[in-house]
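>
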Amino acid sequence: METEDEWQERVDQICADAREGLETAIARSIENIRYDDFIAEYDHLTEEKFTYPDDQVFEVLAEIEEEAQETIDNENDQNPEKLDSWEARSETALFRKKRARTLQKLLRDRKYFEEHSDQSDTQFIKQGLENESGRRAIKTAMKEIKKRRAGAGMMNISVCGAIPPYNHLIGGKLVGMALTGPKVIDAYREKYNDTVSKIASSMKGEPVVKSEDIVFYDTTGLFEVGSAQYDRIRVPADSGQIEYEELGYTQGYGSIQFGPKTRKRLSQVTEFKEGRKVVRGRFGEGIAPRMRKIRRGLQNCGLDGDLLKHESRRVVYGVDLAENAKAYLRGETDEPSYYWTFDDIEAKQQSIYDHWKERWASKRIQKPEILDRIAEFDRDEFILSSEIEFAQRQLSDFIVENN
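Numbering (our numbering), first residue to last: 39 to 441.
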């Protein structure tokens with residue numbers, strides 16, 4: 039039990055860390071958006087105006103955004119992916135719109151932070167969450183942190199398991215455990231080291247390299263109730279224990295219930311009603327183009343977007359790979375404190391395999407029925423078909439619809 043003073047001290051520290059992370063995110067994001075071309079085009083815009091923006095700055099940025107959107111709507115815009123330089127990509131209608139829109143939000147909400155700079159950290163966070171402009175500023179900063187950290191610092195491991203006959207030895211747990219090891223973390227870092235971010239570079243007009251540290255995994259079970267694969271996974275590490283923690287449930291949204299012909303018809307409805315392809319699947323347009331096409335098509339048919347809710351919820355698991363994973367993802371620190379040290383990666387990765395053998399495999403191989411299943415496994419029976427079109431990537435692509 040902590041005393042009231044200890045509790046208040048902890049709250050004050052949490053608020054101080056949060057405020058610093060939020061302010062840093064706003065400032066860093068503004069620094070990483072190009073606007074020199076806007077200054078060259080509009081007499082009212084200057085470096086000083088971007089430091090101390092007045093109402094006209096926001097009006098000009100809104101005008102730039104509107105003109106860029108009009109170019110996109112008329113399909114007169116260039117595809118950024120076909121351009122060779124980051125500067126040229128930043129000047130396309132898509133990224134002029136993105137830059138102008140994002141700058142409006144960042145400059146507006148930086149002003150909120152500046153106007154409340156005299157407040158204590160705890161007072162700033164508390165009052166900020168209690169009023170609309172404060173919540174808006176905090177939300178903007180959190181979105182910028184998410185852009186910078188979630189893309190590289192988090193990874194989904196849904197495709198994670200063991201095929202027969204290894205599933206009889208609970209090989210899925212071995213895969214789940216192995217992914218938490220230092221060899222995988224180091225391989226991720228090595229693979230993405232010095233990788234240039236396409237979106238961030240197109241926003242800045244020059245190469246931008248983001249952090250390559252992975253600190254968190256998320257995954258889902260097959261069903262709503264538990265998971266034989268992820269439950270009870272505990273991996274002893276150098277400075278603690280790594281676990282798969284049950285976080286909650288998916289909302290049950292998706293596109294599996296829409297077959298390929300239905301999706302095609304919905305896209306055609308949108309194109310007919312709006313006179314253009316609203317979702318073209320181009321680089322930089324946004325995530326989940328399939329879901330956006332379906333949602334837009336449903337709207338144009340006068341149908342509720344709730345039809346995307348298939349109600350098949352799944353349990354969600356999270357895995358912290360670092361002691362300060364959440365603080366790192368919130369932008370409160372730039373250095374992850376991993377549960378593993380990286381001085382002898384091979385030996386430490388092997389220790390995970392040894393732990394799996396002792397904890398799980400050793401017990402399974404003592405059961406005659408398990409050994410019988412492994413011995414009876416026939417690879418040819420496991421192969422589904424030589425005629426499946428494996429170029430299809432979604433389960434819904436295999437749905438056969440009645441005409």
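Note that the Cβ used here is the ideal one computed from N, Cα and C, for glycine as well.
1. Roughly how many angstroms separate the alpha carbons of S424 and H206, rounded to a whole number?
2. Answer yes or no: do M457 and K136 have a C-beta to C-beta separation smaller than 8 Å?
3. Mind checking R12: buried by the 16 CB within 10 Å criterion, or exposed?
4. Less than 8 Å separating the beta-carbons of V213 and A225?
5. Less than 8 Å separating the beta-carbons of T218 and V253?
6. Could you pull the start and end residues of the alpha helix (DSSP H) that A384 belongs to?
7. What is the DSSP secondary structure of T379, counted as helix, strand or coil?
8. Comparing C-alpha positions only, which one of V353, E228, N70 sits nearest to G243?
9. Could you check whether the region 275 to 283 touches the region 100 to 107, counting it as contact only if at least three pairs of C-beta atoms, one from each stretch, sit closer than 8 Å?
10. For F380, count neighbouring Cβ atoms within 10 angstroms of its own Cβ and tell me buried if that reaches 16, exposed if not.
11. Using only the alpha-carbon positions, how far apart do E309 and L121 sit?
12. Contact between the region 166 to 185 and the region 87 to 96: three or more CB pairs below 8 Å?
13. Are at least three pairs of beta-carbons, each pair with one atom in the region 186 to 198 and one in the region 360 to 370, less than 8 Å apart?
14. According to the Cβ coordinates, are L144 and I64 closer than 8 Å?
15. Inspect the CB distances between the region 332 to 342 and the region 297 to 313 and report whether three or more fall short of 8 Å.
16. On the CB-based measure, 16 or more other CB atoms within 10 Å of its CB, does A363 come out buried or exposed?
17. What is the rounded straight-line gap between the Cα of E250 and the Cα of L285?
18. So A216 and I403 are in contact, right, with Cβ under 8 Å, and what is the actual spacing, rounded?
19. Rounded to whole angstroms, what's the CA-CA distance from E361 to Y376? Just pull it up for me.
20. Inspect the beta-carbon positions of T288 and N194 and report whether they are closer than 8 Å.
21. Classify I163 as helix, strand or coil using the three-state DSSP reduction.
22. Closest to T160 by C-alpha separation, out of Y282, W45, K395, would be which residue?
23. Is L359 helix, strand or coil when you go by DSSP?
24. Look at E152 and D75 and say whether their C-beta atoms are less than 8 Å apart.
25. Please identify the residue among R148, Y282, R173 whose C-alpha is closest to the C-alpha of K211.
26. Here's a check: name, in chain order, each residue in its chain whose Cβ is nearer than 6 Å to the Cβ of A266, leaving out the five neighbours to either side.
27. Go ahead and pull the three-state DSSP assignment for V222.
28. According to DSSP, M193 sits in a beta bridge with which residue or residues?
29. State buried or exposed for I421, treating a residue as buried only when at least 16 other CB atoms are found within 10 Å of its CB.
30. Please list the terminal residues of the continuous beta strand (DSSP E) segment that includes Y272.
31. Could you check if P406 is buried or exposed, using at least 16 other CB atoms within 10 Å of its CB as the buried criterion?
32. Of all the options G172, R139, E168, which has the alpha carbon lying nearest to the alpha carbon of S155?
33. Taking the alpha-carbon positions, what's the C53 to L60 distance?
34. Alpha carbons only, please: which of P374, Y73, V234, Q279 is nearest the one belonging to I223?
35. Tell me where the alpha helix (DSSP H) around Q94 begins and ends.
Let me spell this out:
1. For the purposes of this step, residue 424 is identified with residue 386 of the sequence shown, where counting begins at 1. For the purposes of this step, residue 206 is identified with residue 168 of the sequence shown, where counting begins at 1. Note that S424 scores 49 on pLDDT, short of 50, meaning its location in the model is unreliable; the coordinates nonetheless yield the value given after this. Cα-Cα distance, rounded: 25 Å.
2. This structure does not reach residue 457, given that the chain is present from 39 up to 441, and the question cannot be answered.
3. Residue 12 lies beyond the residue range present for the chain, which begins at 39 and ends at 441; the question has no answer from this structure.
4. Taking the first residue of the sequence shown as position 1, residue 213 is located at position 175. Taking the first residue of the sequence shown as position 1, residue 225 is located at position 187. For V213 and A225, no; Cβs fall outside 8 Å.
5. Here residue 218 refers to the residue found at position 180 of the sequence shown. Here residue 253 refers to the residue found at position 215 of the sequence shown. Taking 8 Å as the Cβ cut-off, T218 and V253 do not qualify as a contacting pair.
6. Position 346 of the sequence shown, counted from the start, is the residue given in the question as residue 384. The question names Ala, yet the displayed sequence has Glu at residue 384. That run of the alpha helix (DSSP H) goes 383 to 394.
7. Counting from one through the sequence shown, the residue named residue 379 turns up at place 341. Looking at T379 - three-state DSSP - the assignment turns out to be coil, as it is neither helix nor strand.
8. The residue labelled residue 243 in the question sits at position 205 within the sequence shown. Residue N70 is the option with its Cα nearest to G243.
9. In the pairwise beta carbon analysis, the region 275 to 283 is classified as not touching the region 100 to 107: fewer than three pairs are separated by under 8 Å.
10. Numbered from 1 along the sequence shown, position 342 holds the residue referred to as residue 380. It counts as exposed.
11. Mapped onto the sequence shown, residue 309 falls at position 271. Mapped onto the sequence shown, residue 121 falls at position 83. Whole-angstrom Cα-Cα distance: 26 Å.
12. Too few Cβ pairs lie closer than 8 Å, so no.
13. Yes, the region 186 to 198 touches the region 360 to 370.
14. Taking the sequence shown and counting its residues from 1, the one referred to as residue 144 is at position 106. Taking the sequence shown and counting its residues from 1, the one referred to as residue 64 is at position 26. In contact: L144 and I64 (Cβ atoms closer than 8 Å).
15. Yes, the region 332 to 342 touches the region 297 to 313.
16. The residue given as residue 363 occupies position 325 in the sequence shown. It counts as buried.
17. Looking up residue 250 in the sequence shown gives position 212. Looking up residue 285 in the sequence shown gives position 247. In a straight line, the C-alpha of E250 is about 25 Å away from that of L285.
18. Numbered from its first residue, the sequence shown carries residue 216 at position 178. Numbered from its first residue, the sequence shown carries residue 403 at position 365. For a cut-off of 8 Å, the C-beta gap from A216 to I403 is around 19 Å, too long to register as a contact.
19. On the sequence shown, residue 361 is found 323 positions in, with the first residue counted as 1. On the sequence shown, residue 376 is found 338 positions in, with the first residue counted as 1. When rounded, the distance between both Cα atoms is 6 Å.
20. Counting from one through the sequence shown, the residue named residue 288 turns up at place 250. Counting from one through the sequence shown, the residue named residue 194 turns up at place 156. One thing to note: T288 has its Cβ no nearer than 8 Å to the Cβ of N194.
21. Numbered from 1 along the sequence shown, position 125 holds the residue referred to as residue 163. Helix, per DSSP.
22. Numbered from 1 along the sequence shown, position 122 holds the residue referred to as residue 160. Among Y282, W45, K395, the Cα nearest to that of T160 is on W45.
23. On the sequence shown, residue 359 is found 321 positions in, with the first residue counted as 1. In the structure shown, L359 sits in coil (DSSP, three-state: anything other than H, G, I, E or B).
24. What you label residue 152 is simply residue 114 of the sequence shown in a count that begins at 1. What you label residue 75 is simply residue 37 of the sequence shown in a count that begins at 1. The criterion of a C-beta distance shorter than 8 Å is not satisfied by E152 and D75.
25. Sequence index remark: in the sequence shown, residue 211 carries index 173 (1-based). When R148, Y282, R173 are compared, the shortest CA-CA separation from K211 is found for Y282.
26. To locate residue 266, count along the sequence shown from 1; it is residue 228. Excluding residues within five positions, none has a Cβ falling inside 6 Å.
27. Counted from its first residue, the sequence shown places residue 222 at position 184. It is helical.
28. The count along the sequence shown starts at 1 and reaches residue 193 at position 155. According to DSSP, M193 bridges with Y255.
29. As a working note, residue 421 is residue 383 in the sequence shown. The residue in question, I421, is exposed, as its Cβ has fewer than 16 Cβ neighbours within 10 Å.
30. Sequence index remark: in the sequence shown, residue 272 carries index 234 (1-based). Looking at the sequence itself, residue 272 is Arg, so the reference to Tyr does not match. Start and end: 272 to 275.
31. Sequence index remark: in the sequence shown, residue 406 carries index 368 (1-based). Burial call: exposed.
32. In the sequence shown, the residue the question calls residue 155 occupies position 117. Of G172, R139, E168, the residue nearest in Cα terms is G172.
33. Taking the first residue of the sequence shown as position 1, residue 53 is located at position 15. Taking the first residue of the sequence shown as position 1, residue 60 is located at position 22. Straight-line Cα distance between these residues: approximately 10 Å.
34. Looking up residue 223 in the sequence shown gives position 185. Nearest C-alpha to I223: P374.
35. Counting from one through the sequence shown, the residue named residue 94 turns up at place 56. Start and end: 93 to 111.
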